[in-house]
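Here's the structure we're looking at; comments come further down.
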Amino acid sequence: MTSYDKPFKTHAQQLDLLRERGMHIASFDRVLDLYEFDRRLRLHILDAIDSVEVALRVRLGYTLGAGDAFAHLDRAALDETFTQYDGRNPIASQSPWLSSEHAKWLTNVRRDEERSKHDFVRHFKSKYGMPLPVWVVTELLTFGSAATLLAGLKQRQKNMIAAEFGIFDEHCEGDGAALTKWIANLVYLRNTCAHHGRLWNHNVVDQLGRLEGTPDLAHASGVHQRSRIYASLAVLAYLTSQLDPKSTWRTDTATLVESGLAAVGESPDRIGCPPLWNREPIWSPDYQPPADPLTVEHREILRQFECIGTADAGLIIDASSNAKRRASAVRYHRARSELLGLPVGNTYRFPVFQFDTTNACINPLVAYANMAIEAKTSPWDAATWWSTPNINMDNTTPMDSLQAGILTQALIDTALFREDSAR
Numbered sequence: 006m007t008s009y010d011k012p013f014k015t016h017a018q019q020l021d022l023l024r025e026r027g028m029h030i031a032s033f034d035r036v037l038d039l040y041e042f043d044r045r046l047r048l049h050i051l052d053a054i055d056s057v058e059v060a061l062r063v064r065l066g067y068t069l070g071a072g073d074a075f076a077h078l079d080r081a082a083l084d085e086t087f088t089q090y091d092g093r094n095p096i097a098s099q100s101p102w103l104s105s106e107h108a109k110w111l112t113n114v115r116r117d118e119e120r121s122k123h124d125f126v127r128h129f130k131s132k133y134g135m136p137l138p139v140w141v142v143t144e145l146l147t148f149g150s151a152a153t154l155l156a157g158l159k160q161r162q163k164n165m166i167a168a169e170f171g172i173f174d175e176h177c178e179g180d181g182a183a184l185t186k187w188i189a190n191l192v193y194l195r196n197t198c199a200h201h202g203r204l205w206n207h208n209v210v211d212q213l214g215r216l217e218g219t220p221d222l223a224h225a226s227g228v229h230q231r232s233r234i235y236a237s238l239a240v241l242a243y244l245t246s247q248l249d250p251k252s253t254w255r256t257d258t259a260t261l262v263e264s265g266l267a268a269v270g271e272s273p274d275r276i277g278c279p280p281l282w283n284r285e286p287i288w289s290p291d292y293q294p295p296a297d298p299l300t301v302e303h304r305e306i307l308r309q310f311e312c313i314g315t316a317d318a319g320l321i322i323d324a325s326s327n328a329k330r331r332a333s334a335v336r337y338h339r340a341r342s343e344l345l346g347l348p349v350g351n352t353y354r355f356p357v358f359q360f361d362t363t364n365a366c367i368n369p370l371v372a373y374a375n376m377a378i379e380a381k382t383s384p385w386d387a388a389t390w391w392s393t394p395n396i397n398m399d400n401t402t403p404m405d406s407l408q409a410g411i412l413t414q415a416l417i418d419t420a421l422f423r424e425d426s427a428r
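Letter by letter, the sequence shown follows residues 6 to 428 of our numbering.
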């Protein structure tokens, strides 16, 4: 029998058919109860995603805008995997419509700019003209467009935003890769909710990753938890707590899941809950999100630099094939104050401006200045000196002066002598 040959059946007749096929508890009231639970769950999830979406747009605008008002238009300000297409592909090279992900994203943004009726957009257009700066553009982005832009940022920028969401890696730096995966999953979840898709026992396609690095979410990293919505609920619980420690979304979620599933006679396992899930700290009314492992001051200083770890620093300054010898070389130069290492967690992070990669060494001017400002004894003060505009350098930072090729030993001596005299 084809679908066109099937006879019409009332709701009661359809339920009788389901019972004949083995669904002995099928009833229309139970179907309605499941629908109502699913509807409440969708609305509850959308409430949390709204908060995450707004926070992401703000942080995207702030992080990109700190470098340039139109950084979102500048290919050099974004990750090259986002801005390039394969020029070796003969079809792509001759077909402008087969453009980079960045170009496709910009096409959508420009369409939204033209269609926007927001007062702040009309005000900016009439007063300043086009293009719109990034902090205005981010207010127009959909959650999906914001996720695309996040994925297209340079890794350092992703890490900076991740740190503001309380997501850290083993080096106590922001884990931008984790944040990107989490946001992609939440976009998928948001679209499922917005289109009224069944959610409570939904088989998640765009699954979460990198949960193991966050202790409060490690219990949700199993295959079953990620293939259902439990892992997404746990991530939203974590993020909403980071954004607002007084938020009750977590406890409201636990109550909704427990009471909703009990009312329809379903096990928490159906939505991916692990055993004893409700005893996990993240669902406790007394839960406090983990604090940033760095102080606010030190985190802000760290934001000023692109950094690498000991292993990568060793590869630059020591040609040895022995990893231990390379690490020893890094420790030696840091101990002599020639190399600035910022203590982060149980390791050190080394600002990359210090290295002369062409000659495979520490820049001699950097080593000279680091020794003068006692980088080993006072690393955070030394980092502040490098990243603070200096009146003796035409109000540019020593780091910028170095990269511009205008820093000299005499200029370093003059700047430090005048600073000492001012004290």
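Every residue, glycine too, gets a C-beta built ideally from N, C-alpha and C.
All figures in this text were calculated on a predicted structure; none of them were measured in a lab.
Would you mind working out which of Glu-175, His-176, Glu-178, Ala-156 sits nearest Asn-190, comparing C-alpha positions? Ala-156
Does Gly-314 come out as helix, strand or coil in the three-state DSSP assignment? coil
In three-state DSSP terms, what is Phe-429? Any question about residue 429 goes unanswered here, given that the chain covers just 6 to 428.
Cβ of Gly-70 within 8 Å of Cβ of Val-114? no
Would Ile-322 pass as a contact of Ala-388 if the rule is Cβ separation under 8 Å? no
Pairing CB atoms from the stretch 65–82 with CB atoms from the stretch 279–287, are three or more of them under 8 Å? no
What is the DSSP secondary structure of Asn-395, counted as helix, strand or coil? strand
Just curious, the alpha helix (DSSP H) that Val-114 is in, first and last residue? 106–120
Quickly, what does DSSP pair Gly-179 with across the bridge? List them, please. Phe-173
Can you give the Cα-Cα distance for Trp-102 and Pro-348, rounded to whole angstroms? Any reading at Trp-102 needs caution, since the residue's pLDDT is 49, under 50, leaving its predicted position unreliable; the model's value is listed next. Spanning the two alpha carbons is a distance of roughly 48 Å.
Residue interval of the beta strand (DSSP E) (run including Phe-355): 352–356
Report yes or no: do the stretch 260–280 and the stretch 298–317 share at least 3 C-beta pairs separated by less than 8 Å? no
Helix or strand or just coil, what does DSSP make of Phe-75? coil
Where Asp-361 falls: helix, strand or coil (DSSP): strand
If I follow the unbroken beta strand (DSSP E) through Pro-348, where does it start and stop? 347–349
Applying the criterion that 16 or more other CB atoms from any shown protein chain within 10 Å of the CB defines a buried residue, is Pro-403 buried or exposed? buried
What would DSSP say about Thr-401, mapped onto helix, strand or coil? strand
With a cut-off of 8 Å on the beta carbons, I'd call Pro-298 and Gln-247 a contact; round off their distance for me. That pair is no contact at about 14 Å.
Which word fits Leu-22, buried or exposed, when buried means at least 16 other C-beta atoms lie within 10 angstroms of its C-beta? exposed
Helix, strand or coil: which one does DSSP assign to Ile-367? strand
With three or more beta-carbon pairs closer than 8 Å as the criterion, would you say the stretch 145–152 touches the stretch 180–196? yes
Buried or exposed for Asn-395, please, with buried defined as at least 16 other CB atoms from any protein chain shown within 10 angstroms of its CB. buried
Please classify Leu-363: is it buried, with 16 or more other beta-carbons within 10 angstroms of its beta-carbon, or exposed? Sequence inspection shows Thr at residue 363; the Leu mentioned does not correspond to that position. Counting Cβ neighbours within 10 Å, Thr-363 comes out exposed, since fewer than 16 surround it.
Same chain, Cβ closer than 8 Å to His-338, neighbours up to 5 away in sequence not counted: Ile-322, Leu-344, Ile-367, Ala-372
In chain order, what residues of the same chain have a beta carbon less than 8 Å from the beta carbon of Thr-68, not counting five sequence neighbours either side? Leu-158, Gln-162, Met-165, Ile-166
Can you tell me whether DSSP reads Gly-265 as helix, strand or coil? helix
Whole-angstrom Cβ separation of Trp-254 and Ala-242, contact assumed at under 8 Å? 7 Å
Around the Cβ of Gly-202, are there at least 16 other Cβ atoms within 10 angstroms (buried) or fewer (exposed)? exposed
Need the endpoints of the alpha helix (DSSP H) that Lys-381 sits in, please. Looking at the DSSP string, Lys-381 is not in any alpha helix (DSSP H), and its letter there is neither H nor E.
Excluding five sequence neighbours on each side, which residues of the same chain lie with their C-beta closer than 7 Å to the C-beta of Asp-117? Leu-145
Go ahead and label Pro-369 buried or exposed: buried means 16 or more other beta carbons lie within 10 angstroms of its beta carbon, across all protein chains shown. exposed
What's the call for Pro-250, buried or exposed, on a 16-neighbour Cβ count within 10 Å? exposed
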